[in-house]
Each structure stands twice: as structure tokens, then as C-alpha cells.
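Read the structure below first, then the notes.
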Amino acid sequence: MKKILTLLSLCLLLTTACDKQLAEDPKSSIGTNSFYSNDTEAVLGVNGVYSWLGTSGAFKSSLWRALDEGTDVIRGRIWVNDPVPTYTLTAFNPGYTSAIWSTMYRGISNANLVIDKVSKSTGISKAIKDRVIGETKFLRSLYYYYLTGLFGDVVYYDETNYTIENTQGLPRIAADQIREKLVESLLDAESKLPAKFTGADVGRATKGAAQTLLTKIYLWQKKWDLAQKKAQEIVDSKTYTLPANYADVFTEANEFGPEIIFEVDFEPILNGQDHAAWYEPHNQVGVSPFVSRSWYGTYIPYTTFLNTIEPNDKRSAAIIATSYNGQPFKVDPTSGIKVWSGPKLWRLNTQQDNDGGLDMYVFRYADVLLMLAEAANENNSPDKALWGVNEVRKRAFGADGVFTAPLAQQAMRDYLFKERAIEFYGEGQRRLDLIRWGKLVSSVRTAAATEDAFIATNIQDFHVRYPIPAVEIQKNPALNPNNEGY
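2 is the number of the first residue of the sequence shown in the numbering used here; add one for each residue after it.
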């Protein structure tokens, strides 16, 4: 199952039922009660849980947009009528956030079914049962991670209470309470998952994936000692490394490479998406091959972000672009755009805007190192924080570019605020980082003040959460009251 493309193909057996997850009793939605009777069927079941990651409500479109749009890093060339990044969304006009809500819960519903059925089956080998339950608990936790990060308090249900008669009237519970449940689930997943998969199974969730998500949740909980310990366990496993050249990480040939902990695969045409089309320069730059491409070219780096990139940062050639093949881009006479998103997120072999094969890197090792630095800094371990940061700086600036002495605690916080924006440009980390730090509103106002003044005016404190879509409240009135401000 090397690619999630394969996962999607295998899930064709389950697709019709998956679409009905929130409308019917999930226990009868995937085949019959006897379906989970052997190893093959157990694996097919978890494949169905993976499949939601590649749909339009998740990493194919809506979710990855939500994770970077409307932050302090990228701005939109044509965002005037989009309610989400312009902060004009409401419960009755939630934009693509409604698709995120429904897709995450479809994945969760599938996961609960698999855990319930597989754990009770007597015909599945212990090795496959443990692995499938581990994968499924990781995936369910990942769906909840995004739900709680973007919407705050949400409905929680698991394998013990997921039937429709139980879920129709469940109220939301505190995001902090849900995260405690996720920690318990991920610790179990960590104990069941292998360090690596090989052959056709490359791409499945591993022990490192569970540990990385655990680290992220510990940071949300401000449990700095546990976050530092878990990140250090990933480092000590020596499972992952940083390739010497930052740009190489993002080439098609290096997908599922040594730095990648978990990614969502896309293949051109058959299982493509349009992520690259948003980040590639628009045809107005006047340089081939962009001049002949008719699609978006929407995402542009904010000037305030550009000003944080040091002149000798080797990553800048991959993150931003002002030319291609030695030909400088024309400056748009109306918008004055001079700098575009760079080649780390391009796929120039794409024939249509929606058939791109750019994979979505959910977790990679650089993230672990910077989370280790953050946790250690807050845990009064400045030397360990320095080590984590310098591991990333070695690649970005060379051996001579490392810090030679620990930073003061606030200085390290300020550095990580800047560094995570640069290292993970366009990779779906920024919104949740800013929300977790309590800096979304202030950072967006600062970035948008001169280039998107209407966004700086629109954004309000309550926008740290998306609204619960009105259509979901109509289905389940117990979701009321909505998030503050909506």
C-alpha cells in the first residue's frame, strides 16, 4: 500500500457506505457485521479510514487551504469574495470549513467502526489486529487534532458510543478534554505501530507518526516536559534524518524520503489535486512555462514574512521566486507583485490545475526538532533548545551559521515564531501554530496592514475558531451555542 492512491482504490469497496456515515447506523454501513473476519478485511477497513485524507474536504483541497490561508505568511492575489481567508465567514456562510467538519467526522466514524469490529473479531491475527488498531487510532486522533485546532470544542465519540442513536444529540465537550482522550489513544497506537513499513506498505502510519502527533498535543496542553521527552524519543530512534539540501525534500523523486514522518500521497490525473496551482506563479509573470498556464497563481508571500528571511538562508531559493531559468518575472502593473511562492511547491509537469501530484507532508523531522526546541525552552533546558534549533540551522545556513550560545527564553520564543514560518512555508503548520501561541489575530493584523488592509480590519479575536456550520446545528441542536462571535 505504498501510496495513498492505492488506499483510495482499495476503498472503492467502501465508498458509498462512507458517504452515508453521518446519516445511518455506522455498524451496518460498511458491508455486513461479518465483514471483519480476517486479516485482509481488517486492512481494507483501515484503508477506508485513510481514504478521507485524500478527499476534497481534507488534503485534496479544503483542509490544506484552511491551515495556511488567512495567516501572516501567505496572502491571496484574488481573495476578495472568499469568506474564510478574508474573515467574513459566518455560521450560514462558512465557506469550505463546512467540508472540513463533515470530512473529519466521516473519517472518525469510519475509524470507530474499524476499531470496534477489528478488536472484537476472532478471525484476525494478533499482529494485524494490533497494527490496524494502532493505525486507526492514529488516524482518528489526527482528524480530532484538526477539528479541535480549527473549531475548538467539538463532539467526541469513539468506538463505545458511535451508533447513530447515540450521536444524534451529543453536545460538544471541551477541546482540552478531547486532547486528554487523544493522548490515551495515541499512547496505545504508539505501542502497537512499527518504526517503519517496507514495500507496498510504505506510507502507513508508523510509531513515529503517533509520537509526533503526541508531541504536538503535549505542546497544546503546555506539558513541556512530556513534549520534550516524546520529541527526544523520536530523535533517539534515529529513524529520520535531514537531507543536506532543503529543496531536495520536496521533489517528486524524494517523496516518502528519510525526513518524512507522515504524508498524504497524490498522483497526477488519477488522484490529483490543485495545491501546486495555487502556489505556482501566475501567467502574468511572462515567463515560460507559466505564461501558457491558465490557472490560479494565488498564493503570494506577505512582505512582512519576506523581511524575516535572512539573506544567507539557503531555503529562500525554494520558498520564494522572482525568476525562472534566469528569466526575471515581470512585475504586475496593477498589483505590483514582485515575489512569488517558490519551487518547493511547484509541479511543472502538471497538465491541468487539478491533476497535480504534489504530496502533502503532514509531519517531517524538522518539525520534531523545532518542537523539541520549543518544549525544551519552556522547560528551562536552553542547551537542548539550542541543539534542536541548530540541527535545522545547519541545513539552512551551513555549519558556520549555527548559534554558538543558548538564547534567552523570550529570544528563543521569538526565533521559533519566525523560524517555523520559514521552514514550513506552505505546509499547513502556520494557522495552528499561531492559534496555539495566541498570536493569530495580532500577527494577521500586522502582516495585512499595508497589503490587505481590509483583512486587518475584518479579523477579530473570535476568529481564532471557525463557526460550527449552521447546517450541522440544524441536524444536532445540541451543538449550540455556537462559537463566540458567530
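By construction, the Cβ of each residue, glycine as well, lies at the ideal position given by its N, Cα and C atoms.
According to the DSSP secondary-structure assignment, Phe263 is paired through a beta bridge with Phe364. For Tyr146, the enclosing alpha helix (DSSP H) begins and ends at Lys127 to Phe152. A check of alpha carbon separations from Asn284 across Trp341, Ala43, Leu435 and Thr161 identifies Trp341 as the nearest. Its Cα nearest to that of Glu424, the residue Arg365 stands out among Arg365, Thr41, Trp347 and Gly258. A direct Cα-Cα distance of roughly 6 Å separates Asp314 from Phe398. Straight-line spacing of the CA atoms in Thr305 and Asp249 works out to 26 Å.
Within the DSSP secondary-structure output, Gly77 pairs in a beta bridge with Tyr300.
For Tyr219, the enclosing alpha helix (DSSP H) stretches over residues Lys208 to Trp221. The alpha helix (DSSP H) runs lying completely inside the stretch 451–484 and spanning 4 residues or more are 454–459 and 471–476, given in chain order. Listed as beta-bridge partners of Tyr325 by DSSP are Gln328. Close CB contacts of Ala100 within its chain, under the 7 Å cut and outside five residues either way in sequence, are with Ser57, Gly58 and Ser63 (chain order).
DSSP places Ile310 in the coil class of the three-state scheme, outside both helix and strand. Excluding five sequence positions before and after Gly71, the CB atoms of its chain that fall closer than 6 Å to its own CB belong to Pro86, given in chain order. Short of 8 Å from the beta carbon of Arg132, and not among the five residues preceding or following it, lie these beta carbons of its own chain, in chain order: Lys193, Leu194 and Pro195. Each of Asp69, Phe139, Arg432 and Phe257 was checked against the Cα of Glu191, and the nearest Cα belongs to Phe139.
Cα atoms of Ala176 and Ala448: separation of roughly 28 Å, rounded to the nearest angstrom. If you draw a 10 Å sphere on the C-beta of Ile174, you find fewer than 16 other C-beta atoms in it, and that means exposed.
Under the DSSP assignment, Leu90 falls outside any alpha helix (DSSP H); it carries neither an H nor an E label. Bridge partners of Glu268 according to DSSP: Asn272. Looking at the backbone, the Cα of Ser336 and that of Asp275 are separated by about 23 Å. One thing to note: Pro244 has its Cβ within 8 Å of the Cβ of Glu260. The DSSP-derived three-state label of Gly200 is helix.
Here the stretch 411–422 makes no contact with the stretch 322–335; the two share fewer than three CB pairs at distances below 8 Å.
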